[in-house]
Amino acid sequence: MDGIGQGAKVAFTLPIFGGIEITETIVIGWAIIVAVLLICLFLTKGLAKIPTKKRQIVAEMFVGFVNNMVESTMGKKWKHYAPYIATLLVYAIFGALVSLLGLRSMTADFNVPLTWALMTFILITYYKIRSGGVLGYFKGFTSPVFVMLPLNLLSEVATPLSMAFRMFGNISGGAVITALVYGALAAVSRLAHLAFQFSGLEFNALQLFIPAVLSIYFDLFSGCIQAYIFATLTMVYVSSAAEQEQ
Amino acid sequence: MVLAKVTEFLTIDPTTIILTLCNTLILFLVLKHFLFDKVNKVIDDRKNEIAESYKNADEAQRKAENLAAEYDEKIGMAKEEGAEIVRAATVKAQNRSDEIIADARAEAKSIVDNANDEIEREKKIAVNQIKDEITELAISAASAVAEKEIGKEDNERLIESFINSVGEQ
Chain A
270 MDGIGQGAKV AFTLPIFGGI EITETIVIGW AIIVAVLLIC LFLTKGLAKI PTKKRQIVAE
330 MFVGFVNNMV ESTMGKKWKH YAPYIATLLV YAIFGALVSL LGLRSMTADF NVPLTWALMT
390 FILITYYKIR SGGVLGYFKG FTSPVFVMLP LNLLSEVATP LSMAFRMFGN ISGGAVITAL
450 VYGALAAVSR LAHLAFQFSG LEFNALQLFI PAVLSIYFDL FSGCIQAYIF ATLTMVYVSS
510 AAEQEQ
Chain B
8 MVLAKVTEFL TIDPTTIILT LCNTLILFLV LKHFLFDKVN KVIDDRKNEI AESYKNADEA
68 QRKAENLAAE YDEKIGMAKE EGAEIVRAAT VKAQNRSDEI IADARAEAKS IVDNANDEIE
128 REKKIAVNQI KDEITELAIS AASAVAEKEI GKEDNERLIE SFINSVGEQ
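Keeping their order, the protein sequence lines are chains A and B. For reference, each letter of the first sequence is one residue, going 270 to 515 in my numbering. For reference, each letter of the second sequence is one residue, going 8 to 176 in my numbering.
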């Protein structure tokens with residue numbers, strides 16, 4: 270099957286700096302930005318103090334959900350983090366759900382979760398240095414005893430890496446399994462003489478409903494839960510980094 | 008699609024990382040500017056308005072309670088005042104009626120007294136007249152009997168004393 274064990278396709282190459290290859294991951298990212306922008310514009314059209322439109326209630330529910338999540342996990346003074354957490358949530362969920370449209374999941378490209386994990390790592394480091402100073406930051410690696418230094422360094426690096434790999438593994442694993450199931454179902458269809466050919470296109474009867482059931486888990490559930498986990502971990506790590514040694 | 012170059016399944020591509028970073032920041036700005044700022048503003052406005060209207064309602068209720076208490080007090084005072092006025096009026100009326108009755112009594116008494124005096128006087132006058140008439144009568148009768156004048160003065164005195172002695176009986 271096409272796509273199993275393959276990374277993102279190169280969509281086009283920018284003819285500057287000797288050719289910058291833009292993968293489909295980036296193109297899907299742009300499409301999501303445009304879609305989210307349109308949704309936002311639609312939802313916030315005609316906001317009123319007393320809501321009269323359903324779309325305002327949807328917008329307020331989403332904003333309230335994220336605000337509550339940030340406030341309950343990080344505390345009241347971190348409310349300005351809500352848009353960033355919402356960005357992670359929305360981008361990760363949409364990025365995973367584009368697979369329902371037959372596209373390659375954005376988060377199945379390791380570079381995407383890695384980017385977000387690096388952003389979280391930068392935030393963690395920034396808040397650790399801000400709360401403890403540069404000296405306190407480096408001293409923190411030798412606590413409680415100096416011998417712990419390698420372990421502390423390892424766990425510091427492991428935090429973003431595990432976040433990136435967790436999301437990447439789940440989404441891309443789901444994509445691989447879905448592709449494998451499609452392949453297997455095509456083979457079984459052919460064996461059971463349920464495969465039909467229409468001018469070069471193959472139609473396999475067994476591919477009709479069975480993948481949909483699996484898709485509920487691998488695309489919908491897994492995509493949403495990984496986005497939620499990533500956002501929650503970011504909140505927990507960042508707020509605990511800021512509240513250290515105060 | 009066949010011609011499209013495909014990247015490795017697990018690869019680190021700085022271009023993708025940088026562009027994803029930019030995309031994430033752009034999406035962040037989109038969500039912040041077009042969703043969170045707007046919706047938060049509306050929610051905050053509504054919260055403020057609700058708080059404001061609650062405050063106003065509390066104030067109005069407090070005012071109303073104050074007014075009610077004030078009015079109660081005023082009504083109580085008015086009632087008391089009314090009762091006082093009625094009592095004063097009653098007392099005044101009582102006094103006045105007493106006065107009037109006393110006046111009336113006094114007047115009636117004086118009228119009665121006057122009448123009595125009048126009666127007494129009339130009686131005296133009448134008695135005197137009768138006395139005079141009797142005297143005349145007696146004189147004429149006596150003169151007719153005696154055919155002779157004793158002398159007017161003597162006669163009169165005589166008769167007078169006679170009548171007096173009669174009247175005193």
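Positions of the beta carbon are idealized from the N, C-alpha and C atoms, including for glycine. Being a predicted model, the structure only gives us computed values, none of them experimental.
Cα-Cα separation, residue i to residue j
i          : j          : result
Lys-116(B) : Ile-82(B)  : 50 Å
Thr-292(A) : Phe-472(A) : 29 Å
Thr-18(B)  : Gly-315(A) : 45 Å
Glu-56(B)  : Ala-67(B)  : 16 Å
Ala-328(A) : His-462(A) : 50 Å
Met-270(A) : Ala-448(A) : With a pLDDT of only 40 at Met-270(A), under 50, the local geometry of the prediction cannot be trusted, and no value is derived from it.
Lys-130(B) : Ala-149(B) : 27 Å
Ile-118(B) : Ile-108(B) : 15 Å
Ser-508(A) : Met-343(A) : 6 Å
Ile-362(A) : Glu-59(B)  : 39 Å
Leu-34(B)  : Val-305(A) : 8 Å
Gly-405(A) : Ala-481(A) : 52 Å
Gln-275(A) : Asp-378(A) : 10 Å
Phe-490(A) : Ile-440(A) : 10 Å
Ala-456(A) : Thr-313(A) : 49 Å
Status (buried if at least 16 other CB within 10 Å, exposed otherwise) for residue i
i          : result
Asn-337(A) : exposed
Ile-132(B) : exposed
Asp-110(B) : exposed
Asn-30(B)  : buried
Ser-147(B) : exposed
Pro-419(A) : exposed
Pro-284(A) : exposed
Ala-75(B)  : exposed
Gly-492(A) : buried
Contact check, residue i vs residue j, beta carbons under 9 Å
i          : j          : result
Leu-310(A) : Phe-16(B)  : no
Thr-376(A) : Ala-365(A) : yes
Met-417(A) : Trp-385(A) : no
Thr-27(B)  : Val-381(A) : yes
Gly-442(A) : Tyr-486(A) : no
Thr-503(A) : Thr-389(A) : yes
Ile-297(A) : Val-367(A) : yes
Ala-317(A) : Val-49(B)  : yes
Per-residue contacts from residue i into chain B (C-beta, under 8 Å)
i          : result
Cys-309(A) : Val-37, Leu-38, Phe-41, Leu-42
Gly-287(A) : Under the 8 Å cutoff, chain B gives no residues; its nearest Cβ is about 12 Å from Gly-287(A).
Option in the options with minimal Cα separation from residue i
i          : options                                        : result
Thr-428(A) : Ile-391(A), Ser-468(A), Arg-459(A), Leu-463(A) : Ile-391(A)
Met-432(A) : Lys-322(A), Gln-495(A), Arg-459(A)             : Gln-495(A)
Ala-510(A) : Gly-402(A), Leu-358(A), Leu-483(A)             : Gly-402(A)
Ile-479(A) : Ile-446(A), Lys-278(A), Thr-501(A), Ile-498(A) : Ile-446(A)
Contacts that residue i makes with chain A (C-beta to C-beta distance below 9 Å)
i         : result
Val-94(B) : Going by the sequence as given, residue 94(B) is Arg instead of Val. By Cβ distance, chain A contributes nothing, its closest Cβ being about 60 Å from Arg-94(B), past 9 Å.
Under 8 Å by beta carbon: chain A residues contacting residue i
i         : result
Glu-59(B) : Those do not exist, as Glu-59(B) stays about 12 Å from chain A at its closest Cβ, beyond 8 Å.
Ile-24(B) : Asn-380, Leu-383, Thr-384, Leu-387
Arg-53(B) : Lys-318, Ile-319
Closer than 7 Å at the beta carbon, the chain A residues around residue i
i         : result
Lys-62(B) : Those do not exist, as Lys-62(B) stays about 17 Å from chain A at its closest Cβ, beyond 7 Å.
Chain-ordered neighbours of residue i on chain B, where CB pairs are closer than 7 Å
i          : result
Pro-352(A) : Phe-35, Leu-38, Lys-39, Phe-43
Tyr-360(A) : Thr-31, Leu-34
Gly-298(A) : Thr-27, Asn-30
Ala-328(A) : Leu-42, Val-46
Contacts of residue i in chain B (Cβ-Cβ under 9 Å)
i          : result
Lys-346(A) : In chain order: nothing, as chain B lies at least about 15 Å away.
Gly-276(A) : Val-13, Thr-14, Glu-15, Phe-16, Leu-17, Thr-18, Asp-20
Val-279(A) : Ala-11, Lys-12, Val-13, Thr-14
Distance cut-off 8 Å: residue i Cβ against heavy atoms of the ligand MG
i          : result
Leu-307(A) : Looking at this structure, you won't find the ligand MG or any other ligand, since it has none at all.
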